[in-house]
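What follows is a set of notes on a single structure, which appears directly below.
As structure tokens, then:
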């Protein structure tokens, strides 16, 4: 035990404060502290805060025993046998709370690596923290944070390793991975997500003990793979798994595919499998993860393409239908992009044969069925073995870890295309990803993002320059809005205009009220204050009205609705305000001059707006012509 390495640092010097942690975590920590227990944040959340990254979750460790923790919270339950923890639900968040007592008794520390007695001159609190830190997987995960005292506790040079981007185990790596082979997969995940490099002994131990992950439970493997692929670091994770010969154990078909691609000297950046997950990573972060259904669907989609290559038009149509939510528009988009060429081999065929809409829809439907069938290679050992006949010299591990129930859920994603595709009409109203629904595995959102990933992947593989696929589809979606949607928008805009008119009248009434309340000597001063307020509010209303009229003009262009001139209406409104504000006997010259200045400013703004609007409409008409 080297106490010279122990450090207590002020978290504020790293820009870390109490408000950096989530409210549910603060609630758990507060309750435990008020009950007289020590409580800290521990592990990955502290590491991520130091790296200025968003933590995936916040884990708490406390001196309270698990049963005591459970009693303190209304919604809490204990899970796990070997390493039990208490799951505490606060609002919609689950916080994992572990106990120093449980960890000390369950890990089974070895005397050659851990002291069991507090050494002379060592604070008991520090000893408890040090002993717990030595039981963790990597030094960067051995840090503690006390948000009440603004203290970070480092007993194993975790901060030094973070600064040098080094991944190092607390005890010799060979022994650490033998104790828990899942640490190998966690190490891969951390290195991929944080860009860390392995220490020499960690790298050697991973290579020597890679086969030990075969002994992990299938559910544990699934959990670790989901952490790798669902939080924004899927592509680098797959690269590291391949580099350390772990991919051939976990995903043998994909490993064989990559080996074959390397054998023909294909650049990794042009491999479709890696491009798919690269496109996925651009949409996902730790605080906006996906459900595992999506990455399983991507794997099945790619297996189907390798086994049964498709015309690029079929793939674009397949993805566009998923993305747009309507088969006709997907087919239309695919047909208008027949010149798109991609260099993905062997997945994409180059075909110049004309296909009717019906033929294209039929091929999309057949391919969707092929994707559903390919899911079997991820859930059934015999199906995996049959798929591996494509790579006869590659030895398969025969490991499958995706449950059959999950396979059925993934197959449901493609059912709308495989079964009566021409009846599929589920048009999206927004092209923004709903990450809450995506994280829950909602079918419509998963289809939408899967389509987006495939389309962006096809765009990345484009040999000829062209417009961004998403922009084209978004514009096409706007051009096919039906009349009911337009009328609903029209009514909303009309209501906004009426609200703004009422607000102008309210401003006018303020001036009348001032004249009635104050003497002539006070009137000038008070009107000046109200005038400032009026000017600011009128300017804000004018800006908002410009947006409202822009919407009217867009609708008018589509539906030929009569729209009153913005300039005329603004000037008329201003005249009404001035006339309402004027006194029966005499109107202050100051108010009249202000009204004239505001009229002039409004005319200038409207002139600029009309010029910009004309340019935007001209650009919009040019784009619209591409899809007619």
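Residue numbers (the working numbering): 4 to 631. Ideal Cβ placement from N, Cα and C applies to all residues, glycine included.
Determine whether the beta carbon atoms of residue 390 and residue 306 lie at a separation below 8 Å.
For the purposes of this step, residue 390 is identified with residue 387 of the chain shown, where counting begins at 1. For the purposes of this step, residue 306 is identified with residue 303 of the chain shown, where counting begins at 1. Going by C-beta atoms, residue 390 is nearer than 8 Å to residue 306.
Please name the residue, chosen from 286, 337, 349, 296, that lies closest to residue 276 on a Cα-to-Cα basis.
Locating residue 276 in the chain shown gives position 273, counting from the first residue. Nearest option by C-alpha distance: 349.
Among 239, 439, 451, which one has its Cα closest to the Cα of residue 95?
To locate residue 95, count along the chain shown from 1; it is residue 92. Ranking the options by Cα distance to residue 95, first place goes to 439.
Sub-8 Å separation of residue 378 and residue 414 beta-carbons:
For the purposes of this step, residue 378 is identified with residue 375 of the chain shown, where counting begins at 1. For the purposes of this step, residue 414 is identified with residue 411 of the chain shown, where counting begins at 1. Yes, the pair counts as a contact, with Cβ atoms nearer than the cut-off.
Assuming residue 62 contacts residue 35 under a Cβ cut-off of 8 Å, what Cβ separation, rounded to an integer in Å, is found between them?
One-based indexing of the chain shown puts residue 62 at position 59. One-based indexing of the chain shown puts residue 35 at position 32. So it is not a contact: roughly 13 Å between Cβ atoms.
C-alpha gap between residue 192 and residue 60, whole angstroms
Indexing the chain shown from 1 puts residue 192 at position 189. Indexing the chain shown from 1 puts residue 60 at position 57. Straight-line Cα distance between these residues: approximately 15 Å.
Compute the Euclidean distance between the alpha carbons of residue 22 and residue 340, then round it to the nearest angstrom.
Counting from 1 along the chain shown, the entry for residue 22 is found at position 19. Counting from 1 along the chain shown, the entry for residue 340 is found at position 337. The alpha-carbon atoms of residue 22 and residue 340 are separated by roughly 50 Å.
Short Cβ contact (8 Å threshold) for residue 158 with residue 179:
What you label residue 158 is simply residue 155 of the chain shown in a count that begins at 1. What you label residue 179 is simply residue 176 of the chain shown in a count that begins at 1. No, the Cβ-Cβ distance between residue 158 and residue 179 is not below 8 Å.
Apart from the five residues on each side of it in sequence, which residues of its chain come closer than 6 Å, Cβ to Cβ, to residue 101?
Taking the first residue of the chain shown as 1, we reach residue 101 at position 98. Cβ within range, chain order: 64, 88.
Per DSSP, which one or two residues make a beta bridge with residue 195?
Here residue 195 corresponds to residue number 192 of the chain shown, with the count starting at 1. Residue 195 pairs with nothing; no bridge assigned.
Distance, Cα to Cα, residue 234 vs residue 198?
Locating residue 234 in the chain shown gives position 231, counting from the first residue. Locating residue 198 in the chain shown gives position 195, counting from the first residue. Taking the straight line from one Cα to the other gives about 14 Å.
With DSSP collapsed to three states, give me the class of residue 177.
Walking along the chain shown from the start, residue 177 turns up at place 174. Helix, per DSSP.
Hey, how far is the Cα of residue 247 from the Cα of residue 55?
As a working note, residue 247 is residue 244 in the chain shown. As a working note, residue 55 is residue 52 in the chain shown. Their backbone Cα atoms lie some 29 Å apart in a straight line.
Opposite residue 337 in the DSSP bridges: which residues?
Position 334 of the chain shown, counted from the start, is the residue given in the question as residue 337. According to DSSP, which records beta bridges pairwise, residue 337 is partnered with nothing at all.
With a Cβ-Cβ cutoff of 8 Å, do residue 429 and residue 328 count as a contact?
Here residue 429 is taken as the residue at index 426 of the chain shown, counted from 1. Here residue 328 is taken as the residue at index 325 of the chain shown, counted from 1. Contact: yes.
With residue 97 as the anchor, note down where its beta strand (DSSP E) starts and where it stops.
Within the chain shown, residue 97 is the residue found at index 94, counting from 1. 96-102 is the extent of the beta strand (DSSP E) around residue 97.
Using 10 angstroms around the beta-carbon of residue 78, count the other beta-carbons present and answer buried if the total reaches 16, otherwise exposed.
Here residue 78 corresponds to residue number 75 of the chain shown, with the count starting at 1. Flag for residue 78 reads exposed.
Backbone secondary structure at residue 65 - three-state DSSP:
Mapped onto the chain shown, residue 65 falls at position 62. It is a strand residue.
CB contact flag (residue 30, residue 93, <8 Å):
Indexing the chain shown from 1 puts residue 30 at position 27. Indexing the chain shown from 1 puts residue 93 at position 90. For residue 30 and residue 93, yes; Cβs fall inside 8 Å.
Separation of residue 279 from residue 433, as counted between CA atoms
Counting from 1 along the chain shown, the entry for residue 433 is found at position 430. Counting from 1 along the chain shown, the entry for residue 279 is found at position 276. Taking the straight line from one Cα to the other gives about 23 Å.
Where residue 2 falls, given that 16 or more other Cβ within 10 Å makes a residue buried
It is not possible to answer for residue 2, since the shown part of the chain is limited to 4 through 631.
Is the distance from the Cβ of residue 212 to the Cβ of residue 325 below 8 Å?
Position 209 of the chain shown, counted from the first residue, corresponds to residue 212. Position 322 of the chain shown, counted from the first residue, corresponds to residue 325. No, the pair does not count as a contact, with Cβ atoms beyond the cut-off.
Residue interval of the beta strand (DSSP E) (run including residue 391)
Counting from one through the chain shown, the residue named residue 391 turns up at place 388. It is not in any beta strand (DSSP E) - residue 391 carries neither H nor E in the DSSP assignment.
Where do the N-terminal and C-terminal ends of the alpha helix (DSSP H) with residue 407 fall, by residue?
Counted from its first residue, the chain shown places residue 407 at position 404. Where residue 407 is concerned, the enclosing alpha helix (DSSP H) stretches over 407-421.
DSSP three-state label for residue 425, please.
Within the chain shown, numbered from 1, the residue matching residue 425 stands at position 422. Residue 425 falls in the helix class under three-state DSSP.
Straight-line Cα distance separating residue 171 from residue 388:
Position 385 of the chain shown, counted from the first residue, corresponds to residue 388. Position 168 of the chain shown, counted from the first residue, corresponds to residue 171. Approximately 37 Å between the Cα atoms of the pair.
Proximity winner among 394, 216, 244, 405, relative to residue 299 (alpha-carbon distances)
Locating residue 299 in the chain shown gives position 296, where the first residue counts as 1. Closest by alpha carbon: 405.
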